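Using the working numbering, the first residue of the sequence shown is number 3, and each one after it goes up by one.
Every residue, glycine too, gets a C-beta built ideally from N, C-alpha and C.
Computed from a predicted model, the values in this text were never measured in an experiment.
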Amino acid sequence: MSDPSAPGKTAAVVAYITIVGCLIAITMNIEEKNEYARFHIRQAFGIHVLFHALAILMTYAGYAYLAIPVYLFYFVIWIFGFLQALNDKLKPLPIVGKYFQKWFTFIS
């Protein structure tokens, strides 16, 4: 029996490798429209956008001392998502994952 995530696994894993990897994964999934890849691309895109938005906000608001907790949060949810993609799981990220699936519906 074949693995249902196999066709989209490459795109799913690539999506977690920086924001550029996420954009590459979006283009990889344009034609085949794999549901597994779509799920992980949305999760990874959300992680990257959230991290960059928080970094910009902290920089301009003068809260540089919050950088360590933000980096730690980013790293933990990134590892969680990346391991989910590697292990063929479709579990949303803690706290924010379900929102990423709702907000980024333009990723199809």
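Top-ranked residue by Cα proximity to residue i, from the options
| i | options | result |
| --- | --- | --- |
| residue 9 | 64, 52, 37 | 37 |
| residue 73 | 88, 64, 96, 49 | 49 |
| residue 105 | 56, 44, 68, 58 | 44 |
| residue 13 | 27, 86, 63 | 27 |
Where residue i sits in the DSSP three-state scheme
| i | result |
| --- | --- |
| residue 107 | coil |
| residue 19 | coil |
| residue 92 | coil |
| residue 38 | helix |
| residue 51 | helix |
| residue 98 | coil |
| residue 32 | coil |
| residue 76 | helix |
| residue 64 | coil |
Own chain residues within Cβ distance below 8 angstroms of residue i, not counting five before or after
| i | result |
| --- | --- |
| residue 1 | What is shown of the chain runs 3 to 110, which leaves residue 1 out entirely. |
Residue-level contact to chain D via CB, residue i, 7 angstroms cutoff
| i | result |
| --- | --- |
| residue 66 | Among the protein chains of the structure shown there is no chain D, as only one such chain exists. |
Sequence-distant residues of the same chain with beta carbon closer than 6 angstroms to residue i, five excluded per side
| i | result |
| --- | --- |
| residue 21 | 50 |
| residue 41 | 92 |
| residue 102 | 44, 45, 48 |
Neighbourhood of residue i by C-beta, 7 angstroms cutoff - its chain only, sequence neighbours within 5 removed
| i | result |
| --- | --- |
| residue 68 | 60 |
Inter-residue CB distance, residue i and residue j (contact presumed, cutoff 8 angstroms)
| i | j | result |
| --- | --- | --- |
| residue 108 | residue 18 | Going by Cβ atoms, the distance from residue 108 to residue 18 rounds to 19 angstroms, so no, they are not a contact pair. |
Closer than 6 angstroms: residue i CB and nearest the ligand GTP heavy atom
| i | result |
| --- | --- |
| residue 65 | Absence of the ligand GTP from the depicted structure is noted, as is the absence of any ligand whatsoever, leaving it without description. |
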